[in-house]
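> Next up is a structure, given as structure tokens.
Numbering (the working numbering), first residue to last: 36 to 155.
Pasting the structure below:
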């Protein structure tokens, strides 16, 4: 499915987001970028990779980089006994897995609720 075929917007131009919980944060990713959400997968460690790269997962024969969103955002690592979920995301030229605490729901916030990005 291409972005042109489905842009994740409702009929009125509002964008739909899949929501994910990461520690105390609720993050949203445009629906059209989310390929799938799967339970924790076994990972292969990658020596000398950046700290937030937790490893590689095998997704039906496709090797996908797993990125720990907590570490990427400067948060503490999740408790070792608590499994993460994999939000498999389509980027321009690759697919990555974002490790999140839990998946939420699809929301379609109205543009009036958006806040401007801070200057710093």
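Just so it is clear, CB atoms sit at the ideal spot from N, CA and C, and this is done for glycine as well. The model shown is predicted, which means the values in this text are computed figures rather than measured ones.
1. Suppose you measure from the CA of residue 72 to the CA of residue 148; what does that come to, to the nearest Å?
2. Quick one, which of 139, 121, 138 has its alpha-carbon nearest residue 132's?
3. Could you tell me whether the Cβ atoms of residue 98 and residue 91 are closer together than 9 angstroms?
4. Which value, in whole angstroms, describes the spacing of the CA atoms of residue 126 and residue 68?
5. Going by Cα to Cα distance, which pick from 57, 50, 52 is closest to residue 119?
6. To the nearest angstrom, report how far apart residue 60 and residue 78 are at their CA atoms.
7. List the endpoints of the continuous alpha helix (DSSP H) containing residue 105.
Walking through what the data contain:
1. Looking up residue 72 in the chain shown gives position 37. Looking up residue 148 in the chain shown gives position 113. About 27 angstroms.
2. By one-based count along the chain shown, residue 132 stands at place 97. Here the closest residue by C-alpha is 121.
3. Locating residue 98 in the chain shown gives position 63, counting from the first residue. Locating residue 91 in the chain shown gives position 56, counting from the first residue. In this structure, residue 91 lies closer than 9 angstroms to residue 98 by Cβ.
4. Your numbering for residue 126 matches position 91 in the chain shown. Your numbering for residue 68 matches position 33 in the chain shown. Going from the Cα of residue 126 to the Cα of residue 68 covers about 7 angstroms.
5. Against the chain shown, residue 119 aligns to sequence position 84. If we check each option's Cα against that of residue 119, 57 comes out closest.
6. The count along the chain shown starts at 1 and reaches residue 60 at position 25. The count along the chain shown starts at 1 and reaches residue 78 at position 43. Between residue 60 and residue 78, the C-alpha separation is close to 24 angstroms.
7. Counting from one through the chain shown, the residue named residue 105 turns up at place 70. Taken as a continuous stretch (DSSP letters only), the alpha helix (DSSP H) holding residue 105 covers 104-107.
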